[in-house]
Amino acid sequence: MKGILLGLICLGVAGPVLAEPSSKVAWTLETLNFVKKGNAEKGKELMGTCAGCHNDTNANPQLEGQLPNYLYKQLVDYKNGNRKDPTTAMNGLAASLSEQDMADVAAWYGKQAAKLGKGGASDPTGIVSKGDGKRMEPSCSSCHGGSGQGEIVDTPALAGQKADYLEKTLLAYKDGSRANDIYRRMRLIASKLSDQEIKQLAEYYSKLD
Ligand code: HEC
Ligand code: HEC
1450 MKGILLGLIC LGVAGPVLAE PSSKVAWTLE TLNFVKKGNA EKGKELMGTC AGCHNDTNAN
1510 PQLEGQLPNY LYKQLVDYKN GNRKDPTTAM NGLAASLSEQ DMADVAAWYG KQAAKLGKGG
1570 ASDPTGIVSK GDGKRMEPSC SSCHGGSGQG EIVDTPALAG QKADYLEKTL LAYKDGSRAN
1630 DIYRRMRLIA SKLSDQEIKQ LAEYYSKLD
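Here our numbering = 1-based position in the sequence shown + 1449.
Following this line, the structure appears as structure tokens:
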């Protein structure tokens, strides 16, 4: 009896039933409207806490011009531990923010102009515009937009983002240490890219204007 019970408990723990979802954000109409109504003026007051780390002197991601839905989702994911910042700074910080704060600060950053690359770049691997049928790799632009401007619901803008950050986060999707993408979409896509291609794609998007 004990053995059977133990077996059942072990099955339960290892089984997919208890697997953590990649994100607790569900894009219901209510959530979309909540983020849309974020108060940029209130967000501006919070942003003082962010600018010490999110600025031009380091490789931390640029937040200016990013889509509010995406920013909000990342903050909720950090708070819930679905996305783990290797430095843990974002997990600690997000834990101190309310969902209203997150919508407000997302609204403020979304309204700022992104610092874009200068001169643009041409698709280094063909994957951005065409994907790769042999690997069943979709084109990046089908989701992130023809000029990396971000699209539909929570697909982030990539244009002008820092190359070091883009490379780091694509490698994190590839090795599974970043696992907050709904339906594993980015993990699957990144797992089929070589490290060299990741570097080229990161350079490409950072130069887009
Ligand atoms: C102590 C430094 C620090 C502070 C303060 C900080 N951040 Fe961050 N932030 C980081 C680091 C480092 C990362 C990258 C972590 C990773 O790779 O997951 C990051 C990532 C993010 C991301 C994910 C960006 C993306 O493109 O996916 C968002 C959103 C974010 N921060 C928002 C904020 C906001 C809003 C504030 C202020 C309320 C803030 N951060 C304050 C260090 C900081
Ligand atoms: C099926 C749609 C889809 C395709 C195709 C796609 N992406 Fe994404 N991408 C997403 C979504 C959605 C997210 C946000 C996931 C999350 O919440 O973590 C994302 C996130 C990212 C991020 C993280 C951005 C940040 O600020 O942290 C990078 C980098 C990225 N994608 C690069 C690419 C590249 C390069 C390609 C092509 C090889 C690509 N994506 C193809 C949907 C897609």
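Ideal placement from N, C-alpha and C gives every residue a C-beta, glycine not left out.
Considering only their Cβ atoms, is the gap separating residue 1625 from residue 1636 smaller than 8 Å?
Their beta carbons are under 8 Å apart, which means residue 1636 touches residue 1625 by this criterion.
For residue 1600, which three-state DSSP category applies?
Residue 1600 falls in the strand class under three-state DSSP.
Quick check: residue 1609 and residue 1566, are their CB atoms within less than 8 Å of each other?
yes
Under the three-state reduction of DSSP, which class applies to residue 1526: helix, strand or coil?
helix
Since residue 1607 contacts residue 1647 with CB under 8 Å, what's their CB separation in whole angstroms?
With 8 Å as the limit, residue 1607 and residue 1647 do not qualify as a contact, their Cβ atoms being about 13 Å apart.
Segment limits, alpha helix (DSSP H) that includes residue 1549
1548 to 1560
Let me check understanding here. Comparing Cα to Cα, which of 1515, 1528, 1508 lies closest to residue 1471?
Closest by alpha carbon: 1528.
CB of residue 1564 within 8 Å of CB of residue 1511, strictly
It is a contact, given that the beta carbons lie within the stated cut-off.
Under 8 Å Cβ to Cβ from residue 1502, same chain only, skipping five residues before and after it: list those, please.
1509, 1538
Hey, is residue 1499 close to ligand 2, as in C-beta under 7 Å from one of its heavy atoms?
no
Where residue 1506 falls, given that 16 or more other Cβ within 10 Å makes a residue buried:
exposed
Would you check if the distance between the CB atom of residue 1576 and the CB atom of residue 1586 is smaller than 8 Å?
Closer than 8 Å, so yes.
Proximal residues to residue 1551 (C-beta, below 6 Å), its chain only, five neighbours per side dropped:
1521, 1524
Using the rule of at least 16 other Cβ atoms within 10 Å of the residue's Cβ for burial, across every protein chain shown, is residue 1655 buried or exposed?
buried
Check whether the Cβ of residue 1645 lies closer than 7 Å to any heavy atom of ligand 1, and answer yes or no.
no
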